[in-house]
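Trainee: Residue numbers for the sequence shown follow full-length UniProt numbering, so the first one is 1 and each next one is one higher.
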Amino acid sequence: MNILRIARKELLIQLRNKQTFLFMIAFPIVLILILGSALSNAFSAETTVDSMKLLYRDNAQNTQLKESWKAFSDVLKQEGVELTAWSSGTDGKQEVQDDRYTGYAELDDNGIHYYGSSQHQIENNIVQGMLSVYADRYNLAAAAIKIDPASVQPIVTGVDSFGDFIPETSLNKEKQPGSIDYYAIAMSTMIALYASMSSTSLIQGERSRKTSIRLSASPVSKGEIFAGKVIGATLINFVCVMVVVLFSGLVFQADWGSHYGAVALVLLTLVAFAVSLGLFCGYLFKEASGGRTFIVILIQVFSFIGGAYFPVGDDFSGHLALISPLRWANQALTQIIYADQVSALLPAAALNMALVAVLLILSGIYMRRQEAL
Numbered sequence: 001m002n003i004l005r006i007a008r009k010e011l012l013i014q015l016r017n018k019q020t021f022l023f024m025i026a027f028p029i030v031l032i033l034i035l036g037s038a039l040s041n042a043f044s045a046e047t048t049v050d051s052m053k054l055l056y057r058d059n060a061q062n063t064q065l066k067e068s069w070k071a072f073s074d075v076l077k078q079e080g081v082e083l084t085a086w087s088s089g090t091d092g093k094q095e096v097q098d099d100r101y102t103g104y105a106e107l108d109d110n111g112i113h114y115y116g117s118s119q120h121q122i123e124n125n126i127v128q129g130m131l132s133v134y135a136d137r138y139n140l141a142a143a144a145i146k147i148d149p150a151s152v153q154p155i156v157t158g159v160d161s162f163g164d165f166i167p168e169t170s171l172n173k174e175k176q177p178g179s180i181d182y183y184a185i186a187m188s189t190m191i192a193l194y195a196s197m198s199s200t201s202l203i204q205g206e207r208s209r210k211t212s213i214r215l216s217a218s219p220v221s222k223g224e225i226f227a228g229k230v231i232g233a234t235l236i237n238f239v240c241v242m243v244v245v246l247f248s249g250l251v252f253q254a255d256w257g258s259h260y261g262a263v264a265l266v267l268l269t270l271v272a273f274a275v276s277l278g279l280f281c282g283y284l285f286k287e288a289s290g291g292r293t294f295i296v297i298l299i300q301v302f303s304f305i306g307g308a309y310f311p312v313g314d315d316f317s318g319h320l321a322l323i324s325p326l327r328w329a330n331q332a333l334t335q336i337i338y339a340d341q342v343s344a345l346l347p348a349a350a351l352n353m354a355l356v357a358v359l360l361i362l363s364g365i366y367m368r369r370q371e372a373l
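(1) What does the alpha-carbon distance come out to for the pair residue 302 and residue 22?
(2) Could you check what DSSP says for residue 79 in three-state terms: helix, strand or coil?
(3) Do you know offhand how far residue 7's Cα is from residue 346's?
(4) Below 8 Å, how does it come out for the segment 9–25 and the segment 57–70: are there three or more Cβ pairs, yes or no?
(5) How big is the Cα-Cα spacing for residue 264 and residue 82?
(6) Would you be able to state if there are at least three C-beta pairs under 8 Å between the segment 251–261 and the segment 278–295?
(7) In the DSSP assignment, what are the bridge partners of residue 52?
(8) For residue 115, which of helix, strand or coil comes out of DSSP?
(9) Does the beta-carbon of residue 127 have 16 or more other beta-carbons within 10 angstroms, so that it is buried, or is it exposed?
(10) First and last residue of the beta strand (DSSP E) that includes residue 105?
(11) Return the bridge partner residues of residue 58 from the DSSP annotation.
(12) Check this for me: beta carbons of residue 54 and residue 84, under 9 Å apart or not?
(13) Which same chain residues, not among the five before or five after residue 199, have their C-beta less than 6 Å away from its C-beta?
(14) When the distance is taken between beta carbons, is residue 32 closer than 9 Å to residue 239?
(15) Return the residue from the list 295, 271, 93 that minimises the CA-CA distance to residue 113.
(16) Measure the Cβ-Cβ separation of residue 185 and residue 27 and say whether it is below 9 Å.
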């Protein structure tokens, strides 16, 4: 019962602190709006393809190959490829190198020799893929005519009618995080870590308010005071984080999925970790300003390498980011929201609570070494 009273007292103290609420709620909301709007193009799945120009030289003597190529050329034009026939005195390779064409193809009875531009990789790959499919189908027709002439016609028809040669299937294609979605997650987890700043003064604040003597004289054990303050600080900071989540979802239309309980649990354990970290730093540093300075630096490092300000890839920076609590929290939330993998909360929540246990044990050891609060 004493623990609940102390937790209630901590909630009331934090509710009176308007500056804390302004920072914990307004700051991440403004960042979501600014970063989400400014970096929206970085999260766009659309890719612009430049014009595709193919220079070709037809040296084939085979009549069937010539007819097939002519039909295939018509299909290429329908697909947006601009074809130009080779003229005498033109160096096809040099034309590609000078960036006048996407690629240069030489057609003879032995096949197609293609030279693509390295300056336009996407366009080059598209044209090369088309030519590869055409060559494979024609070779198949040439081989089939020797074995079963009746089977040649469907194959040739397939060569002439190019169309969509690569069928694409996507699982839940539309459910991808946009810029607002990404920064709604990133800012919510980042502000959860900022709970550690106010937690550095959970105990030292009693000394500065001259209430530590009254608490020591009251029939309340240090363990109850300790637990009540941790619970109260965790609840009030969790409420701030959830306000940011609700605001981003209702106003900015950020996607938080349908597994709200799992999302809340990941954020709650992250807030508990932040409060425990702040409490430990409050004991570790004699001055409250020293603990807050250390926490601010630590949060900025965690935020920078954890992907709070920009997405982190799978390279060295991605492996380095694994030391950041933001990284494993963001990964868990992304899998829960966009892949419907509710089980992703277990590793993140377990790791957070393990760190909470370690930090609270260390804080308890420091507390027992002190004669009074």
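Glycine residues also receive a C-beta, built at the ideal position from the N, C-alpha and C atoms.
Predicted model only: the values in this text are computed from it and were never measured.
Mentor: Looking at the coordinates:
(1) 22 Å
(2) coil
(3) 27 Å
(4) no
(5) 54 Å
(6) no
(7) 81
(8) strand
(9) buried
(10) 103–108
(11) 107
(12) yes
(13) 233, 275, 278, 279
(14) no
(15) 93
(16) no
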